[in-house]
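Chemist: Below: one structure in structure tokens.
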Amino acid sequence: MNATQAEALARYSHRAIDQDNIGLYEGWLAHELRLNKCADCGKWHEPARAICPSCWSMNVAPAPVSGRGTVYLAILLRQGREEEGVTYPYPVALIELEDQPGLRYTSTVIDAAWEDIKPGTPVKLDWTERNRAPFPVFRIDQTRINEVKS
Amino acid sequence: MSRNRIKDQIAIVGVSSLPRTRDGNRTARSLVAEACVQAIRDAGLKREDIDGIVSSAGPGHWLIVPPGVTEMTATLRLPNITYLNDGMGVVVSPLIDAMNAIFSGACETVLVYHYNYRTPFNSKLAAEDPFRRGFRGYDDYPAENVKNATAYTAWCARYMHENNVPREALGRVAINDRTNALRNPLAAMGSKPLTMEDYLNARMVRDPLTMFDMDLPVDAADAFILTTAERARDLPHTPVLISHAVQGLCETASDEDQLASLAHHGQDVVVRQLKQKGARGLADVNDTDIAMIYDGFTFISLSWYEKLGWCGPGEAGAFIEQNWNAQQNRLLLNGRIPVNTNGGMLSEGGTQGAGFVREAVVQLRGDAGERQVPDAKSVFLANGGFFYNSQAAVFRRDDS
Chain H
1400 MNATQAEALA RYSHRAIDQD NIGLYEGWLA HELRLNKCAD CGKWHEPARA ICPSCWSMNV
1460 APAPVSGRGT VYLAILLRQG REEEGVTYPY PVALIELEDQ PGLRYTSTVI DAAWEDIKPG
1520 TPVKLDWTER NRAPFPVFRI DQTRINEVKS
Chain B
924 MSRNRIKDQI AIVGVSSLPR TRDGNRTARS LVAEACVQAI RDAGLKREDI DGIVSSAGPG
984 HWLIVPPGVT EMTATLRLPN ITYLNDGMGV VVSPLIDAMN AIFSGACETV LVYHYNYRTP
1044 FNSKLAAEDP FRRGFRGYDD YPAENVKNAT AYTAWCARYM HENNVPREAL GRVAINDRTN
1104 ALRNPLAAMG SKPLTMEDYL NARMVRDPLT MFDMDLPVDA ADAFILTTAE RARDLPHTPV
1164 LISHAVQGLC ETASDEDQLA SLAHHGQDVV VRQLKQKGAR GLADVNDTDI AMIYDGFTFI
1224 SLSWYEKLGW CGPGEAGAFI EQNWNAQQNR LLLNGRIPVN TNGGMLSEGG TQGAGFVREA
1284 VVQLRGDAGE RQVPDAKSVF LANGGFFYNS QAAVFRRDDS
């Protein structure tokens, strides 16, 4: 195990981390959203797996996504377990990333009214701190707000 | 070779359901043991007759407190077990397992049991119960997830975005269940009707779904005895034959957030099989007498109506409105076929479909008391959700 992996394990101690997904958390430390990508067929997948779900190549590795996407769907949690940085009501959004059709990442949208977190809303990756470690979130991308699609 | 060699070869000959409670103080083990003994006696059998045992306590069960089959065999001192398995938690899966074991000859008569047990994570009273303090939750994800239960809220949000479906359509599903529960003494919510006003004003849990859109956490146990149709005809009750029992897994399975779209998921895989096998009630709902439509979330029921082909994609809201009987305050498909006669999981209690199976058997035997559907011959059960537990079954009375 290298030093970055050790740091990811230590700083994200509340996450279920193993050899197959640790690249995601190493990316978080570096403020990069890295999802698994297949070096043979070029397809991304999420959540991280040891094998490419499309072509079954074992040649997969984390790589940074653009961080641009649109809200595919959103829900508002009115209750849930206590977690640092989470206050209820709390929006959870499934973000469709522009890197590949159907590639989605689940997070929240910050600094936005619930009514504005609609399907099709353009968003971009941003970072916040949770438990003194970087955590990926999204915010509405005002520069692309006129491109709203569903 | 027929695609359904097992059709009508296996029968359900014994059933038991314990009353569903929201404040019970018995262990899951105690509930299961009582239900198992009742079901064996209901079938007119003795412990020596049981040579197979299948539970819903396998991997993926939401409780990590399983009364599994080895423990239950010891509890009941079953002396002749030749087939055993802790199976999947949603009820048609363990039934299929038992059927296949009987059909292959691994055993002849199987005890299948299912239980649900409130956890500190889904029940306030359970959270205050010191006997449940050691429970680990099945859901141990950060807030930012759309897995398991949350997946249905999420995909309902997408469905409502894509289709112009009013919240009242979801409300009708809940009201239908409640109306039926009023005639079911086992039901946890069997004493008070639900109005549309109640529904629309209900507390949101995860927008767009309220507390009335989610099945009721209860303590419950159900047990079933399955055997060959041939042997069933020598036992006390009218046999209930299993004409079809199928399940379907969609390719994204438990990666719920990666499902390509609502156009294809596990329910489509199930319906494809039912079509290939010519299941009664699928092509024409009039060929069935009772429909049991899964309601772990109200939205799941809407999806089933569309996937079964009883209405078009996005039309479930209108379908429910067209089939609503205002006088009886419940659904009657084609003006005749009731839905979830036991009150469903929203009002009888959440048992992953086990309550539907017991209700189907009791109705087909003609033993459903004041809620009996006259001369019920066939029941269509559309069970489970979209991702990893889509299933269906068709039961019929032996003489029909």
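As they're listed, the protein sequences go chains H and B.
If you're matching positions, the first sequence starts at 1400 in this note's numbering and goes up one per residue.
If you're matching positions, the second sequence starts at 924 in this note's numbering and goes up one per residue.
Don't be surprised by glycine CBs; every beta carbon is placed ideally from N, CA and C.
1) Among residues of its own chain, excluding the 5 on either side of H/Arg1477, which ones have a beta-carbon nearer than 7 Å to its beta-carbon?
2) Return no unless some Cβ of chain H is closer than 8 Å to the Cβ of B/Gln932.
3) Using only CA atoms, which one of H/Ala1512, H/Trp1526, H/Pro1500, H/Arg1531 lies nearest to H/Lys1442?
4) Residues of chain H with a CB under 7 Å from the CB of B/Val1128: which are they?
5) For B/Ser1114, name the three-state secondary structure that DSSP assigns.
6) Name, going along the chain, the residues of the region 1155-1185 of chain B whose beta-carbon falls closer than 8 Å to a beta-carbon of chain H.
7) B/Ala1080 versus chain H: which residues are under 7 Å apart at the beta carbon?
8) So the candidates are B/Asp1218, B/Tyr1040, B/Asn1265, B/Val1015; which of them puts its Cα closest to the Cα of B/Ser953?
9) State yes or no: is the C-beta of B/Thr1005 within less than 8 Å of the C-beta of B/Cys1030?
10) Since B/Asn1008 is in the beta strand (DSSP E), which residue starts that stretch and which ends it?
11) Among B/His1037, B/Ala1291, B/Asn1124, whose alpha-carbon lies nearest the alpha-carbon of B/Gly991?
12) I want to verify the contact list: residues of chain B whose CB lies under 8 Å from the CB of H/Ser1506, in sequence order.
13) Compute the Euclidean distance between the alpha carbons of H/Ser1465 and B/Ile973, then round it to the nearest angstrom.
14) Rounded to whole angstroms, what is the Cα-Cα separation between B/Asn1209 and B/Gly1232?
15) Which residues, in chain order, does the region 1405-1428 of chain H contribute to contact with chain B at a C-beta distance below 9 Å?
16) Note down the Cα distance separating H/Ser1506 from B/Asp1009, rounded to an integer number of angstroms.
17) With a threshold of 8 Å between beta carbons, is B/Thr1118 in contact with chain C?
18) Would you mind telling me which residues of chain H sit closer than 7 Å to B/Ala1144, beta carbon to beta carbon, in chain order?
19) Quick check: the region 1083-1103 of chain B against the region 1266-1275 of chain B, are there 3 or more CB pairs under 8 Å?
20) Please list the partners that B/Ala1077 has in chain H, where partner means a Cβ-to-Cβ separation under 7 Å.
21) Taking the beta carbon of H/Ser1412 as the centre, do at least 16 other beta carbons fall within 10 Å, making it buried, or is it exposed?
22) I want to verify the contact list: residues of chain B whose CB lies under 8 Å from the CB of H/Gly1501, in sequence order.
23) For H/Pro1521 and H/Glu1546, which I take to be in contact (beta-carbon distance under 8 Å), what is that distance rounded to the nearest angstrom?
24) List, in chain order, every chain B residue whose beta-carbon is nearer than 7 Å to that of H/Pro1446.
25) For the beta strand (DSSP E) that B/His1037 lies in, which residues bound it at each end?
26) I'd like to know if B/His1084 contacts chain H, where contact means its C-beta is closer than 8 Å to some C-beta of that chain.
27) Whole alpha helix (DSSP H) runs in the region 1186-1260 of chain B with 4 or more residues, listed along the chain?
28) Interface residues of chain B around H/Pro1461 at Cβ under 7 Å?
29) Have a look at B/Val1192 and B/Ser1177 and give me their C-alpha separation to the nearest angstrom.
30) Along the chain, where does the alpha helix (DSSP H) that runs through B/Glu1179 open and close?
31) Okay, do the region 945-964 of chain B and the region 1138-1152 of chain B touch, 3+ Cβ pairs below 8 Å being the bar?
32) Measuring CA to CA, which of B/Gly981, B/Ser940, B/Ala951 is closest to B/Ile963?
33) For the beta strand (DSSP E) that contains H/Thr1527, what are its first and last residues?
34) What residues are listed by DSSP as bridge partners for B/Lys969?
35) Measuring only between beta-carbons, confirm whether H/Glu1482 sits less than 8 Å from chain B.
36) For H/Gln1404, report the span of its alpha helix (DSSP H) as first-last.
Modeler: Here's the rundown:
1) Cβ neighbours of H/Arg1477 beyond the five flanking positions: Tyr1487, Pro1488.
2) No Cβ of chain H is located within less than 8 Å of the beta carbon of B/Gln932.
3) Of the residues H/Ala1512, H/Trp1526, H/Pro1500, H/Arg1531, the one whose Cα lies closest to the Cα of H/Lys1442 is H/Pro1500.
4) By Cβ distance, chain H contributes Arg1477, Gln1478.
5) B/Ser1114 falls in the coil class under three-state DSSP.
6) Under the 8 Å Cβ criterion, the region 1155-1185 of chain B contributes Asp1178, Asp1180, Gln1181, Ala1183.
7) The contacting residues are Leu1472, Ala1473, Ile1474.
8) Selection B/Asp1218, B/Tyr1040, B/Asn1265, B/Val1015 evaluated against B/Ser953 yields B/Tyr1040 as nearest (Cα-Cα).
9) In contact: B/Thr1005 and B/Cys1030 (Cβ atoms closer than 8 Å).
10) Segment 1006-1009, the beta strand (DSSP E) holding B/Asn1008.
11) Minimum Cα distance to B/Gly991 is reached at B/His1037.
12) Near H/Ser1506 (Cβ distances below 8 Å), the residues of chain B are Glu1067.
13) So the two alpha carbons sit approximately 60 Å from each other.
14) A direct Cα-to-Cα measurement between B/Asn1209 and B/Gly1232 gives close to 13 Å.
15) Answer set for the region 1405-1428 of chain H: His1413, Arg1414, Ala1415.
16) Here the C-alpha atom of H/Ser1506 lies approximately 35 Å from the C-alpha atom of B/Asp1009.
17) In the structure shown, chain C cannot be found, because the protein chains are H and B.
18) The contacting residues do not exist; B/Ala1144 stays about 28 Å from chain H at best.
19) Here the region 1083-1103 of chain B lies against the region 1266-1275 of chain B, with 3 or more beta-carbon pairs under 8 Å apart.
20) What B/Ala1077 touches in chain H: Leu1472, Ile1474, Leu1493.
21) H/Ser1412 comes out exposed.
22) Neighbours of H/Gly1501 on chain B, chain order: Gln1181, Ala1183.
23) Between H/Glu1546 and H/Pro1521 the Cβ distance is about 6 Å, and since that is below 8 Å, they are a contact.
24) Ordered by position in chain B, the residues that pass the 7 Å Cβ test against H/Pro1446 are Asp1178.
25) Start and end: 1032-1039.
26) Yes, its Cβ sits closer than 8 Å to a Cβ of chain H.
27) Secondary structure in the region 1186-1260 of chain B: the alpha helix (DSSP H) runs of 4 residues or longer, each lying completely within the stretch, are 1189-1199, 1221-1230, 1239-1245 in chain order.
28) For a Cβ distance threshold of 7 Å, nothing in chain B lies close to H/Pro1461: the least Cβ distance comes to about 17 Å.
29) Computed Cα separation, rounded: 15 Å.
30) That residue, B/Glu1179, is in no alpha helix (DSSP H); it is neither H nor E in DSSP.
31) Result yes; three or more Cβ-Cβ pairs closer than 8 Å.
32) The shortest CA-to-CA distance from B/Ile963 to any of B/Gly981, B/Ser940, B/Ala951 is the one to B/Ser940.
33) From DSSP, the beta strand (DSSP E) with H/Thr1527 extends over 1521-1529.
34) DSSP, once it has assigned bridges, lists no residue as partnering B/Lys969.
35) Yes, because at least one Cβ of chain B sits closer than 8 Å to the Cβ of H/Glu1482.
36) Start and end: 1402-1410.
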